[in-house]
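For what it's worth, this note's numbering labels the leading residue of the sequence shown as 2, then goes sequentially. Notes follow the structure.
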Amino acid sequence: MSGHSKWNNIKRKKEKTDGARAKVFTKIGREIAVAVKEGGGNPASNSKLAALIAKAKANSVPNDNIQRIIKRAEGGDKTEYEAMTYEGYGPGGIAVMVETLTDNRNRTAANMRHYFDKFGGNLGQMGCVSFMFTQKGVIVVDLEDKDPDQLMMDALDAGADDFDAGEDAAEVVTSPENFTAVCEALEKKGYTFVSADVAMVPSTTTTLTDPDQLVQMGKLLDALDDDDDVQNAWHSLENEEDLDR
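Encoded structure:
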C-alpha cells in the first residue's frame with residue numbers, strides 16, 4: 002500500500018492487489034487489532050476502527066475476517082505493536098513517509114535504514130518531510146458501468162471535498178473526519194472501491210525522468226511493501242505509473 006492514487010493506472014494496481022491479497026489482509030488486520038486495543042471494538046464509538054473497516058472492505062477483506070480480528074483483539078490478544086513513522090528521501094529527492102507497526106523497534110529501524118541506503122535514498126529525522134504531506138481520505142472508485150458525473154454528485158452530497166475522474170476510475174477526496182461517512186454512502190449506492198484509505202497526500206509532487214532513479218525508486222517501494230512491519234509508504238513521486246513494479 003503505497004503512494005498516492007493514480008487512477009489512470011488502475012488496472013495494474015488492481016492486478017497487483019489481487020496478487021498480494023494475503024499480505025494486504027495481514028497488514029490491515031494488524032491495524033484493526035491495534036485500533037480495537039486503543040479504542041474498543043465498536044466502530045460507532047471508535048472512528049479509527051470505522052475508517053479501517055471501510056479500508057478493509059475496499060480491499061475485499063471478508064466481513065467474517067474483520068469480525069474475527071475484532072473479537073480476538075477484544076479477547077486479550079497479547080501481541081503488542083508500536084506505531085513508528087520513518088521519514089526520508091528516495092532517489093532524486095522524492096519525499097517518503099513510512100508508517101509501521103512493530104513488535105521490535107530495533108529490527109524495524111535497521112530495516113528502514115537498510116532499504117533507503119540500498120536503493121539510492123537516505124533516511125532522515127522525524128519531521129524532515131512530513132510537513133510536505135496532508136492527511137486526507139482517498140477513495141478510488143471503479144467507473145465500470147458508472148456515470149462519472151453522477152458519482153461526483155453522489156460523492157459531494159455525501160461530504161467529499163474533491164473529485165477527479167480518469168478513464169477507468171475516479172478519485173474521491175475527503176477530510177479524515179468524513180472518510181467513513183462518504184465510504185458508507187457510496188457503498189450504499191452500489192459503487193465498487195478499488196482502494197480506500199486515510200492517506201498522507203503530498204502537497205507537491207516530483208517527476209523522475211532518470212531511468213536508473215525510476216528503477217531504484219521502484220525497488221525501494223517494493224522493499225517497503227514486502228516488509229511485514231510496514232503498513233503504508235507514502236511518497237511524492239508524480240509519475241508512479243513509470244515504475245517497473
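We treat Cβ as the ideally placed atom computed from N, Cα and C, and that holds for glycine.
Should residue i go down as buried or exposed, given a rule of 16 or more other Cβ atoms within 10 Å for buried?
i      : result
ARG106 : exposed
ALA45  : exposed
ASP155 : buried
SER3   : Caution applies to SER3, whose pLDDT of 48 falls short of 50 and renders its modelled position unreliable; the value that the coordinates give is listed next. SER3 is buried by the Cβ-count criterion.
MET113 : buried
ASP228 : buried
ASN123 : exposed
GLY219 : buried
ALA57  : buried
ASN60  : buried
LYS72  : exposed
For the alpha helix (DSSP H) that contains residue i, what are its first and last residues?
i      : result
PHE120 : Careful: PHE120 lies outside any alpha helix (DSSP H) and carries neither H nor E.
ILE33  : 22 to 40
PHE180 : 180 to 189
GLU241 : First-last for GLU241: undefined, no H or E at that position.
GLY219 : 212 to 227
ALA45  : Taken as a continuous stretch (DSSP letters only), ALA45 belongs to no alpha helix (DSSP H), as it is neither H nor E.
ASP165 : From DSSP, ASP165 is part of no alpha helix (DSSP H) but of the beta strand (DSSP E) over 163 to 166.
For a quick check, are the C-beta atoms of residue i and residue j less than 8 Å apart?
i      : j      : result
LYS38  : ALA96  : no
GLN232 : GLU32  : yes
THR207 : GLU239 : yes
ALA171 : ASP162 : no
ALA200 : ALA55  : no
PHE180 : ALA52  : yes
PHE117 : GLN217 : no
GLN136 : PRO177 : yes
GLY91  : HIS236 : yes
THR175 : GLY138 : yes
GLY41  : LYS49  : no
Contact defined as beta carbons within less than 8 Å: I believe residue i pairs with residue j. What is the distance between those atoms, to the nearest angstrom?
i      : j      : result
LEU209 : GLY93  : 5 Å
LEU102 : VAL35  : 6 Å
GLN234 : VAL141 : Here residue 234 is Ala; the residue named in the question, Gln, does not match the sequence. No, ALA234 and VAL141 are not in contact; Cβ-Cβ is about 17 Å, not under 8 Å.
VAL183 : GLY160 : 5 Å
THR109 : ASP230 : 5 Å
LEU221 : TYR192 : Rounded, the Cβ-Cβ distance is 33 Å, inconsistent with contact.
ASP169 : LEU144 : 6 Å
Please confirm whether residue i has its beta-carbon closer than 8 Å to some beta-carbon of chain E.
i      : result
ASN179 : Within the model displayed, chain E is absent; a lone protein chain is all it includes.
For the beta strand (DSSP E) containing residue i, name the first residue and the last one.
i      : result
PRO203 : 194 to 203
GLN136 : 134 to 143
LEU102 : 96 to 103
MET127 : From DSSP, MET127 is part of no beta strand (DSSP E); its letter is neither H nor E.
GLU81  : That residue, GLU81, is in no beta strand (DSSP E); it is neither H nor E in DSSP.
query = For the 8 Å Cβ check, are there 3 or more pairs between the region 83 to 96 and the region 62 to 70?
reply = no
At least 3 beta-carbon pairs within less than 8 Å: the region 143 to 152 vs the region 118 to 133 = no
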